[in-house]
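Trainee: I'd like to ask some things about the structure below.
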Amino acid sequence: MAGTALQRRLIWRTAEVVDLIDETPRARSLALAVPGWPGQLAGQHVDVRLTAEDGYQAERSYSIASAPAGELLTLTVERLDDGEVSPYLAGELRAGDKLELRGPIGGYFVWEVALGGPLLLVAGGSGICPLMAMLRLRQAAAGAIATRLLYSSRSLEDVIFRDELDRLVATGSGLEVIHTLTRSVPEGWPGLHRRIDTAMLSAIAWPPAERPLIFICGPTPLVESAAGSLVNLGHEPARIKTERFGPTGG
Amino acid sequence: MGFVSRAFQGRPRDQPRDARLPPGQYLVRDFPVLSAGPTPHTSLDEWSFSIEGEVDAEKHWSWEELRALRSETVTRDIHCVTEWSKLDTTWEGISVDTLLEGVETAADYVMAFCDGGYTTNLPLDDVTGGKAWIAFAFDGQPLESQHGGPARLLVPHLYFWKSAKWVRGLRLMNEDSPGFWETYGYHMYGDPWQEQRYSGD
Numbered sequence: 029m030a031g032t033a034l035q036r037r038l039i040w041r042t043a044e045v046v047d048l049i050d051e052t053p054r055a056r057s058l059a060l061a062v063p064g065w066p067g068q069l070a071g072q073h074v075d076v077r078l079t080a081e082d083g084y085q086a087e088r089s090y091s092i093a094s095a096p097a098g099e100l101l102t103l104t105v106e107r108l109d110d111g112e113v114s115p116y117l118a119g120e121l122r123a124g125d126k127l128e129l130r131g132p133i134g135g136y137f138v139w140e141v142a143l144g145g146p147l148l149l150v151a152g153g154s155g156i157c158p159l160m161a162m163l164r165l166r167q168a169a170a171g172a173i174a175t176r177l178l179y180s181s182r183s184l185e186d187v188i189f190r191d192e193l194d195r196l197v198a199t200g201s202g203l204e205v206i207h208t209l210t211r212s213v214p215e216g217w218p219g220l221h222r223r224i225d226t227a228m229l230s231a232i233a234w235p236p237a238e239r240p241l242i243f244i245c246g247p248t249p250l251v252e253s254a255a256g257s258l259v260n261l262g263h264e265p266a267r268i269k270t271e272r273f274g275p276t277g278g
Numbered sequence: 024m025g026f027v028s029r030a031f032q033g034r035p036r037d038q039p040r041d042a043r044l045p046p047g048q049y050l051v052r053d054f055p056v057l058s059a060g061p062t063p064h065t066s067l068d069e070w071s072f073s074i075e076g077e078v079d080a081e082k083h084w085s086w087e088e089l090r091a092l093r094s095e096t097v098t099r100d101i102h103c104v105t106e107w108s109k110l111d112t113t114w115e116g117i118s119v120d121t122l123l124e125g126v127e128t129a130a131d132y133v134m135a136f137c138d139g140g141y142t143t144n145l146p147l148d149d150v151t152g153g154k155a156w157i158a159f160a161f162d163g164q165p166l167e168s169q170h171g172g173p174a175r176l177l178v179p180h181l182y183f184w185k186s187a188k189w190v191r192g193l194r195l196m197n198e199d200s201p202g203f204w205e206t207y208g209y210h211m212y213g214d215p216w217q218e219q220r221y222s223g224d
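Protein sequences appear in the order of chains A and R. Just so we're aligned: 100 in this note's numbering is position 72 of the first sequence, and the numbers increase by one with no gaps anywhere. Just so we're aligned: 46 in this note's numbering is position 23 of the second sequence, and the numbers increase by one with no gaps anywhere.
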C-alpha cells in the first residue's frame, strides 16, 4: 500500500464557474476554470469551501469527474434535500460565480493508464464521478484496456452520464457498461433490476485468476457488500480499492 | 472582508455554533464509514495485539488476554477529516497506557499497524497519558467490523484517520515516519482544532 510522497501545500484557490450541465433531475456538473491548478490523477477529489456574508463557512469533499488532461475541472454534485452545500452547488450556483476549492486530495483511489487492466469499476449513484474520470482518461489513452462498469442507479433517469457512457461503449474500445436499476424500471427494461449482489458480481467480474484491478465507489452499504462479495469470490483484497459517497450532510 | 460565496446562506444560525465543533466541521448524527479497501475479517482465535519496534522486549496479547485487561469506558467527540464530527460517542477499550506499562523505550513516535495493511503514525505523547485506547465496543455493543472491529485505535483528539481501524499493534519508532494517508499528503499530526488536514496546513 505504498504511495507517492505528495508534500505540496494545498492552498485555497478561487475557481470560476464556466458551465453548468444538468445530468439528471438531481445531479449537476460544474465545469470550473481554476487558475494555477496543479493537475490531478483520475479518482482524486477536492475540498470545496463556501463562505456566507457573515463569515460562516461550510466545507465538503467532492470527487473530480473530468479527465486529468481536461482544461476545466468538473465536479458532479448530487443535490441532497436536507444538505447544506449540495443544494447551493447544484441549485443556486450560476455561470460566472466564484467558488473556493483546494486539492487535489487523495492518491490511493486512483487509476493511471500504466496500471492497465482488466479494470472492474463498480458504482452506486453519484459514486460514478471518480470512476468517470478513470473512464475518460482511459478513452483518451492509446490501446484498448478491457474495462467493465457495473453501475447501480435508482431509476433510468437517475443514471448520471448515461449518454456519454453509451457513446464510450459505441467506440468499441473494449468498454462494457452494465446498468442495474434498484427502484423503478422503464416498460420493457431488458436489464438488471436489483441491488448489486454476489451473483451479479460473479457474472460480471473477470475470474480472480485474471487479477482485475477493482474500484468501488458509492454509498457505504453498496461498497461494503460489493467489496465483501468480491473478496469471497476470491479477488485479492489489495486489488480492491474503495471510496464512499454518503448522504451525510452533503 | 475576504471571499464571499454569492447568495450562500448555510444552515440557520439562530443558535451559536457549538463550541465543541472544530473549524470547518459539521455535525452528524449517524456514523459514516470510510476505508480504502475491503473490510478485513480476522477470527478472534487468530487475532493478537503487539507492542514492537524500538522496545527492549516485545509484548503480545491474544484476544482473550487483551480483554482480560482493565478496560475503561470513555465518552468523547470525534472529528473526521472529511468534515463531519460526532459528539459524545461512547467507547469501551484498554488504555494504551495499560499496554505500555513496563515497556522500556527511548522512542518518540509510534506507527499503528492493522489488518488490511493500513498504518498511521502518531507521537508517543499523543497515545499516552490517558489520550488513547484500543477500543472494542461502541455504544455498549461490540465494535462492528465496518467501524474497525474487533478493535480499533481511538485517539479522539486527532482527526479520526489516526484512530486506525482493525488495529493489530503499535510499532515504536525513534523517528517520525508517514503512515498510509500521510504518504498521500495528509497531515503528519492532524489536530482538528488547528485544521491540520493536509501537509502544510
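Think of the CB as a built atom: it goes at the ideal place given N, C-alpha and C, for glycine as much as any other residue. These numbers come from a predicted model, not from an experiment.
The beta strand (DSSP E) that contains S181/A, what's its start and end?
Mentor: That run of the beta strand (DSSP E) goes T175 to S181.
Trainee: Counting only runs that start and end within the stretch 134–207 of chain A, where is the alpha helix (DSSP H) found for 4 or more residues in a row?
Mentor: Those alpha helix (DSSP H) runs which fall completely within the stretch 134–207 of chain A and span 4+ residues are 156–168 and 190–198.
Trainee: Tell me F72/R's beta-bridge partners as DSSP assigns them.
Mentor: DSSP, once it has assigned bridges, lists W84/R as partnering F72/R.
Trainee: For the stretch 26–60 of chain R, which residues have a CB atom closer than 7 Å to at least one CB atom of chain A, in sequence order?
Mentor: Within the stretch 26–60 of chain R, the qualifying residues are F26, V27, S28, R29, A30, F31, Q32, G33, R34, R36, G47, Y49, V51, D53, P55, V56, L57, S58, A59 and G60.
Trainee: Use the C-beta contact count for Q72/A: other C-beta atoms within 10 angstroms, 16 or more gives buried, fewer gives exposed.
Mentor: Per the 10 Å Cβ criterion, buried.
Trainee: Assign G213/R to buried or exposed, taking buried as 16 or more other Cβ atoms, counted over all protein chains shown, within 10 Å of its Cβ.
Mentor: G213/R is buried by the Cβ-count criterion.
Trainee: Are the stretch 48–65 of chain A and the stretch 90–107 of chain A touching, with three or more C-beta to C-beta distances below 8 Å?
Mentor: Result yes; three or more Cβ-Cβ pairs closer than 8 Å.
Trainee: In three-state DSSP terms, what is Y90/A?
Mentor: Strand.
Trainee: Would you list, in chain order, the members of the stretch 71–82 of chain A that have their beta-carbon closer than 9 Å to a beta-carbon of chain R?
Mentor: Flagged, chain order: D75, R77, L78, T79, A80, E81 and D82.
Trainee: For a contact meaning CB atoms closer than 8 Å, what does T42/A contact in chain R?
Mentor: Simply F26.
Trainee: Mapping DSSP to helix, strand and coil, what is H263/A?
Mentor: Coil, per DSSP.
Trainee: Starting from F161/R, trace the beta strand (DSSP E) both ways and give me its first and last residue.
Mentor: From DSSP, the beta strand (DSSP E) with F161/R extends over W156 to F161.
Trainee: Between the stretch 186–203 of chain R and the stretch 69–76 of chain R, can you find at least three pairs of beta-carbon atoms closer than 8 Å?
Mentor: The stretch 69–76 of chain R is in contact with the stretch 186–203 of chain R.
Trainee: Given V138/A, which residues of its chain have a CB within under 7 Å of its CB, disregarding the five upstream and five downstream residues?
Mentor: So the qualifying residues of the chain are L69, A70, G71 and Q72.
Trainee: Give me the chain R residues within the contact set of F273/A, using Cβ-Cβ distance strictly less than 9 Å, ordered along the chain.
Mentor: Those do not exist, as F273/A stays about 10 Å from chain R at its closest Cβ, beyond 9 Å.
Trainee: With a cut-off of 9 Å, does the C-beta of T276/A fall near any C-beta of chain R?
Mentor: With a pLDDT of only 43 at T276/A, under 50, the local geometry of the prediction cannot be trusted, and the value read off the model is given with reservation. It does; some Cβ of chain R falls within 9 Å.
Trainee: Assuming L252/A and Q169/R form a contact by the criterion Cβ under 8 Å, report the distance between their Cβ atoms to the nearest whole angstrom.
Mentor: Note that residue 252/A corresponds to Glu in the displayed sequence, not to Leu. Contact flag correct, Cβ pair sits at about 6 Å.
Trainee: So, with DSSP's three-state summary, where would you put Y209/R?
Mentor: Three-state DSSP puts Y209/R in a strand.
Trainee: Using 9 Å as the limit for Cβ to Cβ distance, is Q85/A near chain R?
Mentor: Chain R, which has a Cβ nearer than 9 Å to the Cβ of Q85/A, makes this yes.
Trainee: Take the Cβ of I39/A as the centre, count every other Cβ of all protein chains shown within 10 Å, and call the residue buried at 16 or more, exposed below.
Mentor: By the neighbour-count rule (16 or more Cβ atoms within 10 Å), I39/A is not buried but exposed.
Trainee: Counting only beta-carbon atoms, is T32/A nearer than 9 Å to chain R?
Mentor: With a pLDDT of only 49 at T32/A, under the threshold of 50, the placement of this residue in the model should not be trusted; the figure read from the coordinates follows. It does; some Cβ of chain R falls within 9 Å.
Trainee: Under 9 Å between C-beta atoms, does L127/A make it to chain B?
Mentor: The structure shown contains no chain B; its protein chains are A and R.
Trainee: I'd like the ranges of any beta strand (DSSP E) spanning at least 3 consecutive residues and lying wholly in the stretch 181–206 of chain R.
Mentor: Complete beta strand (DSSP E) runs here, min 3: 190–196.
Trainee: Excluding five sequence neighbours on each side, which residues of the same chain lie with their C-beta closer than 7 Å to the C-beta of L196/A?
Mentor: Counting only Cβ-Cβ distances below 7 Å, and skipping sequence neighbours, we find L163, Q167 and L203.
Trainee: State the CB to CB distance for the pair R122/A and V45/A, rounded to an integer number of angstroms; the pair is presumed to be in contact (CB under 8 Å).
Mentor: Contact holds; Cβ gap of about 7 Å.
Trainee: Quick one: what does DSSP say Y116/A is sitting in, helix, strand or coil?
Mentor: Helix.
Trainee: Put A254/A into one of helix, strand or coil per three-state DSSP.
Mentor: It is helical.
Trainee: Only counting the same chain, and skipping five residues up and downstream in sequence, which positions put a Cβ closer than 6 Å to that of V205/A?
Mentor: So the qualifying residues of the chain are L177, L193 and V197.
Trainee: How would you list, in chain order, the residues of chain R whose beta-carbon sits under 8 Å from the beta-carbon of P265/A?
Mentor: Per Cβ cutoff of 8 Å: G60, P61, P63 and G139.
Trainee: If you measure from the beta carbon of Y221/R to each beta carbon in chain A, is any gap under 9 Å?
Mentor: For Y221/R, the answer is yes, since a Cβ of chain A falls inside 9 Å of its Cβ.
Trainee: Going by beta-carbon coordinates alone, are A43/A and G33/R separated by less than 9 Å?
Mentor: No, they are not a contact pair.
Trainee: Can you tell me whether T226/A is helix, strand or coil according to DSSP?
Mentor: T226/A: helix per DSSP, three-state reduction.
Trainee: Does G208/R come within less than 9 Å of chain A when only Cβ atoms are used?
Mentor: For G208/R, the answer is yes, since a Cβ of chain A falls inside 9 Å of its Cβ.
Trainee: Here's the rule: buried if 16 or more other CB atoms are within 10 angstroms of the residue's CB, otherwise exposed. What is F26/R?
Mentor: Classification of F26/R: exposed, given that the 10 Å Cβ count is below 16.
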